[in-house]
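Protein chains in written order, with our numbering: chain L, 59 to 197; chain G, 59 to 197; chain C, 59 to 197.
To start, the structure itself, in structure tokens.
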Amino acid sequence: MWIQKTITLKPQKRGFHLITNEIINQLPELRDIKIGMMHVLIKHTSASLTINENADPSVRDDFESFFNDVVAENKAYFTHTYEGSDDMPAHLKGSIIGFDLNIPITNGYPNLGTWQGIYLCEHRNQGGSRQLVITTHGQ
Amino acid sequence: MWIQKTITLKPQKRGFHLITNEIINQLPELRDIKIGMMHVLIKHTSASLTINENADPSVRDDFESFFNDVVAENKAYFTHTYEGSDDMPAHLKGSIIGFDLNIPITNGYPNLGTWQGIYLCEHRNQGGSRQLVITTHGQ
Amino acid sequence: MWIQKTITLKPQKRGFHLITNEIINQLPELRDIKIGMMHVLIKHTSASLTINENADPSVRDDFESFFNDVVAENKAYFTHTYEGSDDMPAHLKGSIIGFDLNIPITNGYPNLGTWQGIYLCEHRNQGGSRQLVITTHGQ
């Protein structure tokens with residue numbers, strides 16, 4: 059059984075945002091899968107997806123601080139600058155963090171750890187709505 | 059054919075550890091798959107998984123040194139500090155390295171390169187046992 | 059329907075290279091898949107794969123500059139040095155960026171965003187030809 063759909067996330071400000079429920083609520087089809095996999099691709103190059111702690115929002119604040127520190131804007135060697143100072147760092151953060159997730163499905167639900175949640179990592183100041191392609195497959 | 063199981067890794071000290079055999083030895087089911095995929099998720103947010111050189115242990119030592127350097131403890135801007143100075147860096151290292159692996163299966167074995175092995179990246183000082191969900195699928 | 063094949067990429071100099079077409083042109087089988095997934099593994103530990111902007115080559119130049127800056131050669135703490143000063147940084151860049159890609163297939167084509175392309179990230183000065191294992195599965 060294959061299911062594939064495109065969903066649109068609500069716009070978020072620059073930063074790291076917990077979107078586990080926003081995704082799962084749009085996937086009632088998962089309930090019919092006993093064992094399988096779910097793949098989520100974000101169809102952009104300046105926003106990314108990761109898994110991390112789903113409890114304390116301070117973790118997500120520190121993610122934003124850290125990535126702004128290590129992948130700073132206005133590096134002297136940047137040449138791709140005409141889309142704004144947040145653009146090239148956004149591309150780099152995206153490839154460091156990654157643009158997709160693979161999550162096992164067990165008895166109709168994502169089989170994540172107790173503390174694991176899905177983050178939308180919005181790297182642009184004005185990223186707008188982001189599109190995900192979700193492909194699920196299982197039995 | 060879908061197979062899914064949860065396995066527990068033996069505890070490791072903070073650092074990078076080659077666990078290819080520890081995983082494969084727990085997956086005799088792979089032998090029956092001619093073409094397929096194997097997905098491995100670590101169900102934690104402060105330990106991660108990667109592929110890298112399976113030969114010289116000095117590579118794994120240098121991984122630990124590098125990540126401790128770039129994702130240093132006690133950054134002035136960290137606010138998520140109450141779980142210990144190794145906690146927030148562990149979350150960040152996890153999202154940089156990643157929490158899962160997808161490995162092709164060919165004729166009953168993981169189809170990795172000659173020099174590729176699976177690393178458990180233990181980012182906490184006292185991480186304890188780590189759980190993996192392994193989902194294999196193929197024909 | 060499972061298809062698995064190994065392809066060899068043409069050698070590239072150190073840096074980031076757009077290889078979307080080089081891969082897709084070797085996968086006429088995709089045309090028969092209505093919904094599915096494509097997995098690409100690079101069978102090496104000093105070259106990696108990512109998705110990023112497929113338009114302006116300055117993005118790829120800045121990737122090379124950034125990773126050479128943050129994962130610099132000749133770090134004082136590196137002990138794995140006998141394969142050349144570009145070797146240990148190559149291993150690290152590989153695990154930061156990742157060695158595989160999962161791409162959804164829709165109606166015979168990779169379902170990537172408008173601006174998304176596949177990058178070969180060649181981290182060695184003399185990397186030579188790189189091998190990919192490509193596994194596709196769908197209906």
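Ideal Cβ positions, reconstructed from N, Cα and C, are used throughout, including at glycine.
Boundaries (first-last residue) of the alpha helix (DSSP H) holding residue i
{"i": "Lys151 (chain L)", "result": "Asp145 to Ile155"}
{"i": "Glu80 (chain C)", "result": "Thr78 to Ile82"}
{"i": "Val117 (chain C)", "result": "Pro115 to Val128"}
Where residue i falls, given that 16 or more other Cβ within 10 Å makes a residue buried
{"i": "Ala148 (chain L)", "result": "buried"}
{"i": "Gly142 (chain L)", "result": "exposed"}
{"i": "Thr194 (chain C)", "result": "buried"}
{"i": "Asn183 (chain L)", "result": "exposed"}
{"i": "Asn169 (chain G)", "result": "buried"}
{"i": "Arg188 (chain L)", "result": "buried"}
{"i": "Pro86 (chain C)", "result": "exposed"}
{"i": "Gln174 (chain C)", "result": "buried"}
{"i": "Thr64 (chain G)", "result": "exposed"}
{"i": "Thr172 (chain L)", "result": "exposed"}
{"i": "Met146 (chain G)", "result": "buried"}
{"i": "Met96 (chain L)", "result": "buried"}
{"i": "Gly94 (chain L)", "result": "buried"}
{"i": "Gly186 (chain G)", "result": "exposed"}
Cross-chain neighbours of residue i in chain G, by beta carbon under 9 Å
{"i": "Asn169 (chain L)", "result": "Gln62, Thr64, Leu99, Lys101, Val191 and Thr193"}
{"i": "Lys133 (chain C)", "result": "Asp120, Ser123, Phe124 and Asp127"}
Residue interval of the beta strand (DSSP E) (run including residue i)
{"i": "Asp158 (chain C)", "result": "Asp158 to Thr164"}
{"i": "Lys63 (chain G)", "result": "Trp60 to Leu67"}
{"i": "Tyr177 (chain L)", "result": "Gln174 to Glu180"}
{"i": "Asn110 (chain L)", "result": "Ala105 to Glu111"}
{"i": "Leu190 (chain L)", "result": "Arg188 to Gly196"}
{"i": "Ile100 (chain C)", "result": "Ile93 to Ile100"}
Contact check, residue i vs residue j, beta carbons under 8 Å
{"i": "Gln70 (chain L)", "j": "Ile192 (chain L)", "result": "no"}
{"i": "Thr103 (chain L)", "j": "Glu111 (chain C)", "result": "yes"}
{"i": "Ile77 (chain C)", "j": "Leu178 (chain C)", "result": "yes"}
{"i": "Leu190 (chain C)", "j": "Leu67 (chain C)", "result": "yes"}
{"i": "His138 (chain C)", "j": "Asp127 (chain G)", "result": "no"}
{"i": "Leu88 (chain C)", "j": "Tyr167 (chain C)", "result": "yes"}
{"i": "Ile155 (chain C)", "j": "Thr108 (chain C)", "result": "yes"}
{"i": "Ile81 (chain C)", "j": "Ile163 (chain C)", "result": "no"}
{"i": "Trp60 (chain C)", "j": "Gln84 (chain G)", "result": "no"}
{"i": "Ser120 (chain C)", "j": "Phe136 (chain L)", "result": "Correcting the residue identity first, residue 120 (chain C) is Asp in this sequence and not Ser. Cβ atoms of Asp120 (chain C) and Phe136 (chain L): closer than 8 Å."}
Chain C residues whose Cβ lies nearer than 8 Å to that of residue i
{"i": "Gln174 (chain G)", "result": "Lys101, His102, Thr103 and Phe157"}
{"i": "Pro162 (chain G)", "result": "Gln62, His97, Leu99, Val191 and Thr193"}
{"i": "Asp114 (chain G)", "result": "His138"}
Beta-carbon neighbours of residue i, restricted to chain L and to distances below 7 Å
{"i": "Phe136 (chain G)", "result": "Asp120"}
Option nearest residue i by Cα separation, candidates the options
{"i": "Ala105 (chain G)", "options": "G:Gly94, G:Trp60 and G:Phe157", "result": "G:Phe157"}
{"i": "Leu150 (chain G)", "options": "G:Asn165, G:Ile161 and G:Ala130", "result": "G:Ala130"}
{"i": "Asp125 (chain C)", "options": "C:Gly152, C:Lys101, C:Ile82 and C:Gly186", "result": "This sequence places Phe at residue 125 (chain C); Asp is not what is there. Checked all of C:Gly152, C:Lys101, C:Ile82 and C:Gly186; the closest Cα to Phe125 (chain C) is C:Gly152."}
{"i": "Ser123 (chain C)", "options": "C:Phe74, C:Gly186, C:Gly185 and C:Phe136", "result": "C:Phe74"}
{"i": "Asp144 (chain G)", "options": "G:Arg72, G:Trp60 and G:Met59", "result": "G:Arg72"}
{"i": "Tyr140 (chain L)", "options": "C:Val117, C:Asn165 and C:Lys101", "result": "C:Val117"}
Chain L contact residues for residue i, given Cβ-Cβ distances below 9 Å
{"i": "His149 (chain G)", "result": "Asn110, Glu111, Val117, Asp120 and Phe121"}
Proximal residues of chain L, C-beta to C-beta of residue i below 8 Å
{"i": "Gln197 (chain C)", "result": "Trp60"}
{"i": "Gly94 (chain G)", "result": "Within chain L, no residue comes near Gly94 (chain G); the closest Cβ sits about 12 Å away, beyond 8 Å."}
Chain-ordered neighbours of residue i on chain G, where CB pairs are closer than 8 Å
{"i": "Ile154 (chain C)", "result": "Ile154 and Ile155"}
Chain C residues whose Cβ lies nearer than 9 Å to that of residue i
{"i": "Lys68 (chain L)", "result": "Residues of chain C passing the Cβ test: none, with the nearest at roughly 18 Å."}
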